[in-house]
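Scroll down for the structure; my scribbles are underneath it.
Numbering (my numbering), first residue to last: 252 to 491.
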């Protein structure tokens with residue numbers, strides 16, 4: 252089994268056994284998007300949507316297939332997952348594309364860049380379990396960049412892991428690692444691989460700090476859902 256195949260097999264087991272509460276998170280995403288579309292009303296143009304760090308789309312395809320979108324773009328740094336995402340979405344009644352790229356670079360795309368003379372505003376930005384890989388300054392830049400790119404009545408849905416209030420990163424890593432040791436669907440060796448990854452690459456935000464940074468960047472922040480483990484959560488951001 253290749254490194255990618257093994258990594259993706261582990262990821263699929265986490266999904267299938269709901270070890271990170273993807274089921275409740277997807278339900279919260281669905282409720283939030285449905286409510287937002289209802290507020291927009293039928294006279295509004297169909298929204299353009301982007302998924303930053305889309306992976307293979309995990310549990311989103313049934314939702315995406317029924318949304319009245321004008322277009323959908325999936326972006327991921329790992330190009331190997333993009334064919335899986337395209338296959339999962341299959342035929343939809345709107346243009347869709349899947350691009351290899353960095354979410355921070357997308358957020359900070361400048362006029363006259365690769366996307367054309369002026370990056371068009373986006374109505375719906377999704378990002379799931381990707382932004383926590385950025386350090387604090389990266390998160391700050393991400394929020395500012397997305398604020399610049401969002402349409403006036405747009406919505407940013409940020410699903411991710413966050414630290415408990417007042418918790419430092421080392422305490423979070425220790426707490427989450429103890430939780431992973433209880434993931435019986437994963438063999439001990441795979442548990443160690445997950446822990447090694449999160450210990451090296453995960454930088455979940457402090458909730459009070461990130462809310463303040465979002466407000467400074469021009470967002471209104473609301474928690475749309477918070478999981479039972481004081482980690483997974485959905486942040487709902489609207490332009491202030």
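The C-beta atom is built at its ideal place from N, Cα and C for all residues, glycine as well. Note that the coordinates shown come from a computational prediction; the quantities given were computed from them, not determined experimentally.
Check	Outcome
Sort 457, 293 and 470 by Cα distance to residue 422 and report the nearest one.	457
Measuring alpha carbon to alpha carbon, tell me which of 397, 350 and 485 ends up nearest residue 371.	397
Give me the DSSP bridge partner(s) of residue 472.	488
Suppose only complete runs of 4+ residues qualify. What are the alpha helix (DSSP H) ranges in the region 344–390, listed by chain order?	354–358
Against chain C, does residue 303 count as a neighbour if the rule is that its beta carbon must be under 9 Å from one of theirs?	The question asks about chain C, but that chain is absent: this structure has only one protein chain.
Only counting the same chain, and skipping five residues up and downstream in sequence, which positions put a Cβ closer than 7 Å to that of residue 389?	355
For residue 393 and residue 482, which I take to be in contact (beta-carbon distance under 8 Å), what is that distance rounded to the nearest angstrom?	Not confirmed; about 19 Å, so no contact.
Hey, would you say residue 427 sits closer than 9 Å to residue 453, going by beta carbons?	yes
First and last residue of the beta strand (DSSP E) that includes residue 405?	401–412
Buried or exposed, going by whether 16 or more other CB atoms sit within 10 Å of the CB of residue 334?	exposed
Output yes or no for whether 9 Å exceeds the beta carbon distance between residue 322 and residue 379.	no
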